[in-house]
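Going down the list, the protein sequences come from chains A and B. The first sequence begins at 1 in my numbering and counts up one residue at a time. The second sequence begins at 265 in my numbering and counts up one residue at a time. Glycine included, C-beta positions come from ideal geometry on N, C-alpha and C. What follows is a single structure, written as structure tokens, with notes after it.
2 protein chains.
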Amino acid sequence: MGSKVSLRLFKPVRAVRLSDVVADQIRQLILQGHIEPGHRLPSERQLAERFGTSRACIREALRQLEQQGIVEIRKGARGGAFVTRVDGESLASSLTLLLKLRRIPIQQVTEARLAIEPVMARRAAQYARPELIEEMAAAIEGMKAHLDSEAEFEHFDDAFHHALGRSQGNPVFEFLAMALLEVIRDAFSGIDYGRENRRRLARSHARVFNAIRRGDGVAAERAMVALIKGANRWLAPFVASAAPPSSSEERGKRLTRRGTRRRR
Amino acid sequence: MGSKVSLRLFKPVRAVRLSDVVADQIRQLILQGHIEPGHRLPSERQLAERFGTSRACIREALRQLEQQGIVEIRKGARGGAFVTRVDGESLASSLTLLLKLRRIPIQQVTEARLAIEPVMARRAAQYARPELIEEMAAAIEGMKAHLDSEAEFEHFDDAFHHALGRSQGNPVFEFLAMALLEVIRDAFSGIDYGRENRRRLARSHARVFNAIRRGDGVAAERAMVALIKGANRWLAPFVASAAPPSSSEERGKRLTRRGTRRRR
DNA sequence: TAACGTTTATGGTCAGACCATTCGTAAGTT
DNA sequence: AACTTACGAATGGTCTGACCATAAACGTTA
Numbered sequence: 001m002g003s004k005v006s007l008r009l010f011k012p013v014r015a016v017r018l019s020d021v022v023a024d025q026i027r028q029l030i031l032q033g034h035i036e037p038g039h040r041l042p043s044e045r046q047l048a049e050r051f052g053t054s055r056a057c058i059r060e061a062l063r064q065l066e067q068q069g070i071v072e073i074r075k076g077a078r079g080g081a082f083v084t085r086v087d088g089e090s091l092a093s094s095l096t097l098l099l100k101l102r103r104i105p106i107q108q109v110t111e112a113r114l115a116i117e118p119v120m121a122r123r124a125a126q127y128a129r130p131e132l133i134e135e136m137a138a139a140i141e142g143m144k145a146h147l148d149s150e151a152e153f154e155h156f157d158d159a160f161h162h163a164l165g166r167s168q169g170n171p172v173f174e175f176l177a178m179a180l181l182e183v184i185r186d187a188f189s190g191i192d193y194g195r196e197n198r199r200r201l202a203r204s205h206a207r208v209f210n211a212i213r214r215g216d217g218v219a220a221e222r223a224m225v226a227l228i229k230g231a232n233r234w235l236a237p238f239v240a241s242a243a244p245p246s247s248s249e250e251r252g253k254r255l256t257r258r259g260t261r262r263r264r
Numbered sequence: 265m266g267s268k269v270s271l272r273l274f275k276p277v278r279a280v281r282l283s284d285v286v287a288d289q290i291r292q293l294i295l296q297g298h299i300e301p302g303h304r305l306p307s308e309r310q311l312a313e314r315f316g317t318s319r320a321c322i323r324e325a326l327r328q329l330e331q332q333g334i335v336e337i338r339k340g341a342r343g344g345a346f347v348t349r350v351d352g353e354s355l356a357s358s359l360t361l362l363l364k365l366r367r368i369p370i371q372q373v374t375e376a377r378l379a380i381e382p383v384m385a386r387r388a389a390q391y392a393r394p395e396l397i398e399e400m401a402a403a404i405e406g407m408k409a410h411l412d413s414e415a416e417f418e419h420f421d422d423a424f425h426h427a428l429g430r431s432q433g434n435p436v437f438e439f440l441a442m443a444l445l446e447v448i449r450d451a452f453s454g455i456d457y458g459r460e461n462r463r464r465l466a467r468s469h470a471r472v473f474n475a476i477r478r479g480d481g482v483a484a485e486r487a488m489v490a491l492i493k494g495a496n497r498w499l500a501p502f503v504a505s506a507a508p509p510s511s512s513e514e515r516g517k518r519l520t521r522r523g524t525r526r527r528r
């Protein structure tokens, strides 16, 4: 028996996929800064030769890295895998996918935003630098100037929240907040809120902004709460069709939560 | 000129990768619940035949889905692509990657946790169900019982925060909080805090838990702030070597943030 | 100078083969 | 009967080599 057990000490030489090893190695190079964003990786054929594998293997690795958002593949001459400057997009899509798979009602995302964005508004009132105040102001103006176009309006809405995120002095807030916003955007994509709602939204944003500009953190926090709750209120009709509950488990959770929220 | 411009109306029939189309289609099937978690997709050869593509193409699609964490590939007879029940893991790894690439100091992650976890503690004091209180109690006991093993201790630490997350009545909080915790874990993986620190940590957790159990939201919130700040204090020495700044830009940001934090 | 082919490097796709692993099962052994 | 072993089949993992499609650079011509 002793001789048999000792076999466990020998680990398999290679139980992993080659494409994973390749992807890991490239990822590490990028992580350690050996390849800067914007730069190009060698061509698939060169990589295959260098790693001593087939092209198919390299391609599988690249699919992985592409999915993670750390490289972008362009085809044609002078094409190839380019290292991208990663933003929160892949985090957002990861969260979106997770919430969709779990069939989380959009209301709960709003609830999470309600815990985070007001804090960010308060922080912004304290920390926001002039150039970011400027950016927010421009976003507000943009919103007011495009009440007739959902797409344009949304762009400036995004711009405002983005500036808010960047004014935290801490990118983690920005990433999380933008991911949550992106989930909302995804859920309501293609829906036109209507001019009246856009006007209200612009005014709510302006109230938040004004509080931030004059450095009134408490007011900014309150205004942000009002903004999100307000928007959520007139967004509700759209929600019903957008996120139907599926399993009884989910429905149960929702009812429970609703009950508890009322207690506030 | 008119005839030329009209050409723009014709969109390319297929400028996308086949593997993307395949991945999208499978993802949709899973998203719409046509394939349940645990079930197996057809074999690569069958999929290739069904989609009318090559196996290489199918494999690239599977690499994508695997990276997203929605399928798990097993090899050998009765192997194949199995639909997984997606948890927050892929969200966590996505966040970890993003923060590493941007070289975000771990301190800023702590700052974000400081904005979220205390709120969760407060909410838990109001909403937590008996079985989750039970779970937290067990986690606290586990921590106390394993002060001598970093690995075991960490497991129960995780269990506590997990229970805290699940007691929100809103999975979004849970996902975000666990992702942030995972980033911390990743940054300090393999480090032994030492028995004394583990003892302190267990006591801090116990204080949070006791407040939650007696339904005292305000105290729970305060205790959680103390927990995170306390842990962060004695964790600082480890940080220095764990997250070296690289670009001057990043260093600038850090100094700025430090300055602003002091103003609190 | 501007419009238009041509070349070329590169990703995208394919077909077919063979290897490695895993599981079920049948045969053999105790 | 129970256990062990050996084999077969299904499936993912990898390779080879070819060809197509695209896009940028280059040269050519009006």
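Judged by DSSP secondary structure, A/A138 falls within the alpha helix (DSSP H) whose first and last residues are 130-145. When Cβ-Cβ separations below 7 Å define contact, B/R386 makes no contact with chain A. When C-beta distances to chain A are compared with 7 Å, the residues of the stretch 406-439 of chain B below that value are G433, N434, P435, V436, F437, F439, in chain order. Put simply, of A/Q68, A/R122, A/K229, A/L98 the residue whose alpha carbon is nearest the alpha carbon of A/A211 is A/R122.
With contacts defined as CB atoms closer than 7 Å, A/L95 and A/A177 fail to qualify as a contacting pair. For B/R478, the closest C-alpha among the options B/A490, B/G316, B/I397, B/I380 is that of B/I397. Between the stretch 140-159 of chain A and the stretch 191-200 of chain A there are three or more C-beta pairs closer than 8 Å, enough to call the two in contact. Residues of the same chain with a CB within less than 8 Å of the CB of A/D24, apart from the 5 flanking positions on each side, do not exist. When the alpha-carbon of B/I455 is set against those of B/L499, B/L491, B/F437, the nearest one is in B/L499.
In this structure, B/M488 and B/P382 form a Cβ contact; the two beta carbons are roughly 4 Å apart against a cut-off of 8 Å. The stretch 316-335 of chain B makes contact with the stretch 56-67 of chain A, as at least three CB pairs between them are under 8 Å.
B/G344 is bridged by DSSP to B/R338. Under the Cβ criterion of 7 Å, A/S43 is not counted among the residues facing chain B. With a contact defined as Cβ atoms closer than 8 Å, B/R314 and B/P306 qualify at about 7 Å. In the three-state DSSP reduction, B/R281 falls in the coil class, being neither helix nor strand. With three or more CB-CB distances shorter than 8 Å, the stretch 97-115 of chain A counts as touching the stretch 226-233 of chain A. Of all alpha-carbon atoms in B/V373, B/H469, B/A320, the one lying nearest the alpha-carbon of A/V172 is that of B/V373. A direct Cα-Cα distance of roughly 14 Å separates A/A226 from A/G217. B/Q332 is classed as buried because its beta carbon has at least 16 other beta carbons within 10 Å across all chains shown.
Residue pairing for A/R40: DSSP places it in a beta bridge opposite A/F82. For the options A/A219, A/E182, A/I30, the alpha carbon positioned closest to that of A/V71 is the one of A/I30. The CB of A/V86 comes closer than 8 Å to the CB of L361, L362, L365, R366 in chain B, given here in chain order. Residues T53, C57 of the same chain have their beta carbon placed closer than 6 Å to that of A/L18, with the five preceding and five following residues left out of the count.
Contact between B/M400 and B/Q432 does not hold, since their C-beta atoms are separated by about 13 Å, which reaches or exceeds 8 Å. DSSP places B/T360 within a helical segment (H, G or I) once states are collapsed to three. In the three-state DSSP reduction, B/Q296 falls in the coil class, being neither helix nor strand.
The C-alpha of B/R319 lies about 8 Å from the C-alpha of B/L311.
Look at B/Q289: its C-beta is not under 7 Å from any C-beta on chain A. Residue contact with chain B for A/A137: absent (no Cβ-Cβ distance below 7 Å to any residue of chain B). Distance from the CA atom of B/H303 to the CA atom of B/F346, rounded to whole angstroms, is 6 Å. Here B/E414 is buried. Its C-beta has 16 or more other C-beta atoms within 10 Å. Residue environment for A/R78: exposed (fewer than 16 other C-beta atoms within 10 angstroms of its C-beta). The residue from B/H469, B/I448, B/S354, B/I492 with its alpha-carbon nearest to that of B/M407 is B/H469.
If the five residues before and after A/H162 are omitted, its C-beta is found closer than 7 Å to the C-beta atoms of M178, all from its own chain and listed in chain order. In the three-state reduction of the DSSP assignment, B/I368 falls in the coil class, being assigned neither a helical nor a strand state. Taken residue by residue, none of the stretch 194-217 of chain A has a beta-carbon sitting less than 8 Å from a beta-carbon on chain B.
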